[in-house]
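Undergrad:
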Amino acid sequence: EIKHEKPKIGNNVEIHKNVYFGKNVIIGDNTIIMPNVVINDNVRIGKNCLIKSSTVIGQKGFQAIVDKNKNLISVFHVGGVKINNFVEIGALNTIACGAIDNTIIDDYTKIDDHVHIAHNIFIGKNNIICAGAIFGGSVMVGNRNFFGLNSTMRTAIKIGNDNFIGQSTNLVKDIKNNNLIYGNPGKIIK
48 EIKHEKPKIG NNVEIHKNVY FGKNVIIGDN TIIMPNVVIN DNVRIGKNCL IKSSTVIGQK
108 GFQAIVDKNK NLISVFHVGG VKINNFVEIG ALNTIACGAI DNTIIDDYTK IDDHVHIAHN
168 IFIGKNNIIC AGAIFGGSVM VGNRNFFGLN STMRTAIKIG NDNFIGQSTN LVKDIKNNNL
228 IYGNPGKIIK
């Protein structure tokens, strides 16, 4: 299904059944989009990517503010999602658009199934993200990190390069480079 306008699709792109496209969507050469994927407005997917079944990319993130009557109202999001080259995104993932800027996933990052990536996130190159990982909004991730099964990253933290975040770790503060982290809350082991 196409909303508003046909996406810009590169060469040798494979798009399976029941894929939904919003407006202003670009898909690079040799990318594969599996069945039942939702690609909302302002999403750019690079070359040689794989998007597995039933993943949702670019819908509004979860963010609310209190109005003058003390009621929660949703925050409007105008950013998009930019997925660079050679990225793999597993089945049943959610990747929210940015509130103002784009949510970005850089080259060669590999994401397992059932992962949630909130709004305004930057994930660098060559990261491995295992099933069940959750990234709160505005998390900044460097390069070559490993995120274990069911790990959770608190909103607005910074993660450097070459870290190993263990299974079910709850990361609640910034970490720099070359750390092994386990536990709840996550503690540096070495």
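Under our numbering, the residues of the sequence shown are numbered 48 to 237, in order.
Glycine residues also receive a C-beta, built at the ideal position from the N, C-alpha and C atoms.
From G171, A178 and K64, pick the residue whose C-alpha is nearest to that of G195; which is it?
TA: Selected option, being the one with the closest Cα: A178.
Undergrad: Going straight from the alpha carbon of V84 to that of I170, what length do you get?
TA: Cα-Cα distance, rounded: 21 angstroms.
Undergrad: Is N217 helix, strand or coil when you go by DSSP?
TA: Strand, per DSSP.
Undergrad: Select from I222, N58 and A203 the residue whose C-alpha is nearest the C-alpha of F211.
TA: The candidate whose alpha carbon is nearest that of F211 is I222.
Undergrad: DSSP three-state label for R191, please.
TA: DSSP places R191 in coil when its eight states are reduced to three.
Undergrad: Distance check for S100 and H161, CA to CA, integer angstroms please.
TA: Spanning the two alpha carbons is a distance of roughly 11 angstroms.
Undergrad: Would you mind stating whether N224 and G207 have Cβ atoms separated by less than 8 angstroms?
TA: Yes. Within cutoff.
Undergrad: Figure out for me which residue from N116, F68 and S215 has the closest Cα to the Cα of R201.
TA: Residue S215 is the option with its Cα nearest to R201.
Undergrad: Just to confirm the assignment, what range does the beta strand (DSSP E) spanning Y229 have?
TA: Segment L227 to Y229, the beta strand (DSSP E) holding Y229.
Undergrad: Mark S185 as exposed unless 16 or more other C-beta atoms lie within 10 angstroms of its C-beta, in which case mark it buried.
TA: Flag for S185 reads buried.
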